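Participant: The opening position of the sequence shown corresponds to residue 84 in my numbering, with each subsequent residue numbered one higher.
Glycine is no exception: its CB is placed at the ideal position from the N, C-alpha and C atoms.
Keep in mind that this is a model prediction, so the values were computed, not measured.
One structure, pasted below without further comment.
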Amino acid sequence: MLPLRPSCLLAAGLFASACVGGDGIDPENGGGGGGRGGKADEATSGEPFMEVIFSPQAPERSHNARVASILRGMIERIDAEEGGDGAGHSVDVAMYSFSDAGIKAALAELVSRGVAVRMIFEPARKDKGSPAGTKSAGYEDVGIDVRYINKIMHHKFAILDGPRDDESRARTAVLITGSGNWSSGAATRYDENTLFQRGDAELVLRMQREFNLLWQGSKDFVWGETDANLQSMPITDEMIEAVEDPDLDVGFTSDNFQLRVTSSGPSFRIIPGRDTVADLLVGLIDGAERSIHVASGHLRSRAVSDALVRWREAHPDGDLRVYLDGQEYLSSWYHQDQLDEVDQCLEAAGTSESSVQRCWDKGFLFSYQVHEAGVPLRYKFYAYRWDTSYADQMHNKFFLFDGEVVASGSYNLSDNAEHDTMENMVVHRNPALAEMFERKFEELWTTGEEEDRLGTLTAGVQGGSDDIPLVFPPMALTWDQVTELKEVILNACPAVDSDEYRRNAASHRACPRD
Numbered sequence: 084m085l086p087l088r089p090s091c092l093l094a095a096g097l098f099a100s101a102c103v104g105g106d107g108i109d110p111e112n113g114g115g116g117g118g119r120g121g122k123a124d125e126a127t128s129g130e131p132f133m134e135v136i137f138s139p140q141a142p143e144r145s146h147n148a149r150v151a152s153i154l155r156g157m158i159e160r161i162d163a164e165e166g167g168d169g170a171g172h173s174v175d176v177a178m179y180s181f182s183d184a185g186i187k188a189a190l191a192e193l194v195s196r197g198v199a200v201r202m203i204f205e206p207a208r209k210d211k212g213s214p215a216g217t218k219s220a221g222y223e224d225v226g227i228d229v230r231y232i233n234k235i236m237h238h239k240f241a242i243l244d245g246p247r248d249d250e251s252r253a254r255t256a257v258l259i260t261g262s263g264n265w266s267s268g269a270a271t272r273y274d275e276n277t278l279f280q281r282g283d284a285e286l287v288l289r290m291q292r293e294f295n296l297l298w299q300g301s302k303d304f305v306w307g308e309t310d311a312n313l314q315s316m317p318i319t320d321e322m323i324e325a326v327e328d329p330d331l332d333v334g335f336t337s338d339n340f341q342l343r344v345t346s347s348g349p350s351f352r353i354i355p356g357r358d359t360v361a362d363l364l365v366g367l368i369d370g371a372e373r374s375i376h377v378a379s380g381h382l383r384s385r386a387v388s389d390a391l392v393r394w395r396e397a398h399p400d401g402d403l404r405v406y407l408d409g410q411e412y413l414s415s416w417y418h419q420d421q422l423d424e425v426d427q428c429l430e431a432a433g434t435s436e437s438s439v440q441r442c443w444d445k446g447f448l449f450s451y452q453v454h455e456a457g458v459p460l461r462y463k464f465y466a467y468r469w470d471t472s473y474a475d476q477m478h479n480k481f482f483l484f485d486g487e488v489v490a491s492g493s494y495n496l497s498d499n500a501e502h503d504t505m506e507n508m509v510v511h512r513n514p515a516l517a518e519m520f521e522r523k524f525e526e527l528w529t530t531g532e533e534e535d536r537l538g539t540l541t542a543g544v545q546g547g548s549d550d551i552p553l554v555f556p557p558m559a560l561t562w563d564q565v566t567e568l569k570e571v572i573l574n575a576c577p578a579v580d581s582d583e584y585r586r587n588a589a590s591h592r593a594c595p596r597d
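As structure tokens, this is what we get:
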């Protein structure tokens, strides 16, 4: 376990983050970290470190800026020849969404200096049909070898100078994981977390093995003149066991798939009955003794939802709280409607395990059921009707157990994520890291309370003269509070439930008064 100091949570500085380095942060020198001055940045000095950046941030404080800063540090080491043959060796990226210009520019400079950059990129699966002008083609144009897989590639991780062909680099590689894509929305609008670290060789080896598996099962995005044969040394169980960390665990949904190679190329095929990451989380839930805090964009996993309800029943005085994105809210009527749909699906599925699995993979929303079971639950609520065009999403995916354990990654709490998507969830048994996530959770849990946003909005809708806002500053609201607010807005604006408002939500951010 990397030593992590709670005092590293910064309120100011270029990067608002929590961090750990060999000596932690030196407040008198402006803190440690990318370009902040004072002590050398641990991310480029070779020393063990851990750092977490919570979004949203101003662009210059964001996780995107931090990634670009670390990449520029690699460039500086190469140019100064400080690292010899090991300075700037490789970059492996597995990313669902990537549009940050600063990161792209830094990667292009690394490629121009001989660094081999590989990327498994979800949009490439679609871009391949008409590649000209796509993001995937743009990355190939600067020398990044882009590939795609036949399943949804939802990871958000990168390995810098990792053990692609040298096992010893597992100890010195920089690993980036978390919930945040490399996009403007993830940096400046959504609630996210991104972890940066060096020094945990086991985790790096496991992430490298995951990347290698996906690369083996990928197809080339045919566009640029990149090296299509960039391969890796095998990462064996023996390598991982030699550096095993008892305070670490990690789950990959790739364990639920079988890699097959046919005449049409490699592909991943689901293995019915496997729920690797859900099983990991359920085990952590069942093992918690005092508290469980969940911050997730979704709650559509039957196994996790059932486990939370069981824990509530077994620990009536325990501190269990669940914070979700507003899109997870559903009325009691809609909950009953989806129950009826699942019942019909299960009846038609019969005894077929794969058919039963597909019934739950359709996207059943469990928040009402969990709320009814007495689990304290709040939504990040910011619009009468959810729409991606204006959604400032609660996009975190983390669990906190007993104030000591953090589970965080790309994994959405859904059966679909388990069975149709490549995801990760990393578990750190690190009380200091957990304390930092706890601070963030408390901030999320009370969103809008100090400003009394709910009271102000309700009063304005009921007694104001301005147009009725249908999109508004976010608030952390219970199911009852959301239900009451929606009724207040509907009473003031009956048109909000019309076909026009439903079909064109992006065009109706406010409702004119009669």
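Are the segment 355-375 and the segment 495-503 in contact at 8 Å, needing three or more beta carbon pairs?
Facilitator: The segment 355-375 vs the segment 495-503: in contact.
Participant: Exposed or buried, what is Asp248 when buried is set at 16 or more other beta-carbons lying within 10 Å of its beta-carbon?
Facilitator: The residue is exposed, with fewer than 16 neighbouring Cβ atoms inside 10 Å.
Participant: What is the residue span of the alpha helix (DSSP H) that Pro139 lies within?
Facilitator: Here Pro139 belongs to no alpha helix (DSSP H), and DSSP marks it neither H nor E.
Participant: Ignore the nearest five residues each way along the sequence and tell me which others in Leu193's own chain have a CB closer than 7 Å to its CB.
Facilitator: Result list for Leu193: Leu154, Met157, Ile158, Gly171, Val174 and Val200, in chain order.
Participant: Between the segment 529-541 and the segment 365-372, are three or more C-beta pairs nearer than 8 Å?
Facilitator: Cβ pair count under 8 Å is below three, so no.
Participant: Any idea if Gly104 is buried or exposed, counting beta-carbon neighbours within 10 angstroms, 16 or more meaning buried?
Facilitator: Bear in mind that the predicted position of Gly104 carries a pLDDT of just 40, short of 50, making it unreliable; the figure below should be weighed with that in mind. With 16 or more Cβ atoms within 10 Å of its Cβ, Gly104 is classed as buried.
Participant: Can you list, in chain order, the residues of its chain with a C-beta nearer than 7 Å to that of Phe481? Leave out the 5 residues immediately preceding and following it.
Facilitator: Contacts found: Asn276, Ala378, Val489, Ala490, Ser491 and Phe520.
Participant: For Met505 versus Ile235, is the C-beta spacing smaller than 8 Å?
Facilitator: Taking 8 Å as the Cβ cut-off, Met505 and Ile235 qualify as a contacting pair.
Participant: Between the Cα of Glu321 and the Cα atoms of Asp597, Glu285, Asn295 and Met202, which residue gives the shortest distance?
Facilitator: That would be Glu285, whose Cα lies nearest to the Cα of Glu321.
Participant: Mind checking which residues open and close the alpha helix (DSSP H) that includes Asn499?
Facilitator: Asp498 to Asp503 is the span of the alpha helix (DSSP H), which, as asked, contains Asn499.
Participant: Name the one or two DSSP bridge partners that Ile242 has.
Facilitator: DSSP output for Ile242 lists Asp175 and Leu258 as bridge partner(s).
Participant: With three or more beta-carbon pairs closer than 8 Å as the criterion, would you say the segment 196-210 touches the segment 252-262?
Facilitator: The segment 196-210 is not in contact with the segment 252-262.
Participant: In the DSSP assignment, the alpha helix (DSSP H) including Pro399 goes from what residue to what residue?
Facilitator: Segment: none, Pro399 is in no alpha helix (DSSP H) and carries neither H nor E.
Participant: Just grab the DSSP bridge partners of Gln280 for me.
Facilitator: Answer is Met133 and Leu258, bridged to Gln280.
Participant: Give me, in chain order, the residues of the same chain whose beta-carbon lies closer than 8 Å to that of Gln545; leave out the 5 immediate sequence neighbours on both sides.
Facilitator: Closer than 8 Å at Cβ, skipping near neighbours: Val571 and Ala575.
Participant: Mind checking Pro246: buried by the 16 CB within 10 Å criterion, or exposed?
Facilitator: Per the 10 Å Cβ criterion, buried.
Participant: According to DSSP, is Leu286 helix, strand or coil?
Facilitator: The answer is helix: DSSP assigns Leu286 an H, G or I state.
Participant: Going by DSSP, what residue range makes up the alpha helix (DSSP H) through Met157?
Facilitator: Taken as a continuous stretch (DSSP letters only), the alpha helix (DSSP H) holding Met157 covers His146 to Ala163.
Participant: Quick check on DSSP: helix, strand or coil for Gly104?
Facilitator: Because the pLDDT at Gly104 is just 40, under 50, the model does not fix this residue reliably, and the point stays unresolved.
Participant: Around the Cβ of Asp580, are there at least 16 other Cβ atoms within 10 angstroms (buried) or fewer (exposed)?
Facilitator: Burial call: exposed.
Participant: Which residue from Gly446, Ile551 and Tyr231 puts its Cα closest to that of Ser301?
Facilitator: If we check each option's Cα against that of Ser301, Tyr231 comes out closest.
Participant: Is it buried or exposed, Gln70, if we count other Cβ atoms within 10 angstroms and call 16 or more buried?
Facilitator: Since the displayed the chain opens at 84 and closes at 597, residue 70 lies outside it and no answer follows.
Participant: In three-state terms, what does DSSP make of Arg208?
Facilitator: Three-state DSSP puts Arg208 in a helix.
Participant: For the segment 300-326, which segments carrying the alpha helix (DSSP H) assignment without a break, of at least 4 residues, lie completely within its bounds, in sequence order?
Facilitator: With a minimum length of 4 residues, the continuous alpha helix (DSSP H) runs that stay inside the segment 300-326 are 320-325.
Participant: Does the distance from the CB of Val384 to the CB of Ser262 come in under 8 Å?
Facilitator: Before going on, a small fix: residue 384 reads as Ser here, not Val. Their beta carbons are not under 8 Å apart, which means Ser384 does not touch Ser262 by this criterion.
Participant: Which of the three DSSP states is assigned to Asn295 in this structure?
Facilitator: Helix.
Participant: Between Glu134 and chain B, is there a C-beta pair that is closer than 8 Å?
Facilitator: Among the chains of the structure shown, chain B does not appear; only one protein chain is present.
Participant: Considering Cα atoms alone, identify which of Val439, Asp408 and Val510 is closest to Val365.
Facilitator: The shortest C-alpha separation from Val365 is found at Val510.
Participant: When you compare each of Ala269, Ser350 and Gln410 to Ser182 by their alpha carbons, which one comes out closest?
Facilitator: Residue Ala269 is the option with its Cα nearest to Ser182.
Participant: Where Gly307 and Glu487 are concerned, what is the direct C-alpha to C-alpha distance, given to the nearest angstrom?
Facilitator: Distance between the alpha carbons of Gly307 and Glu487: 47 Å.
Participant: By a C-beta neighbour count over all protein chains shown, 10 Å radius and 16 as the cutoff for buried, is Glu293 buried or exposed?
Facilitator: So Glu293 ends up on the buried side.
Participant: How long is the line joining the alpha carbons of His454 and Asp400, rounded to whole angstroms?
Facilitator: Roughly 16 Å separates the two Cα atoms.
Participant: Whose C-beta lies closer than 6 Å to the C-beta of Ala588 among residues of the same chain, with five residues either side of it excluded?
Facilitator: Result list for Ala588: Arg468 and Asp470, in chain order.
Participant: Under the DSSP definition of a beta bridge, which residues are partnered with Gly334?
Facilitator: According to DSSP, Gly334 bridges with Met508.
Participant: Using DSSP's beta-bridge definition, name the partner residues of His381.
Facilitator: Bridge partners of His381: none, in fact.
Participant: Near Asn495, what residues of its chain come up, given a Cβ to Cβ distance below 8 Å and the 5 sequence neighbours on each side ignored?
Facilitator: For Asn495, where only same-chain residues beyond five positions count, the Cβ hits under 8 Å are His237, Ser379, Gly380, His381, Arg383, Lys480, Thr504 and Glu506.
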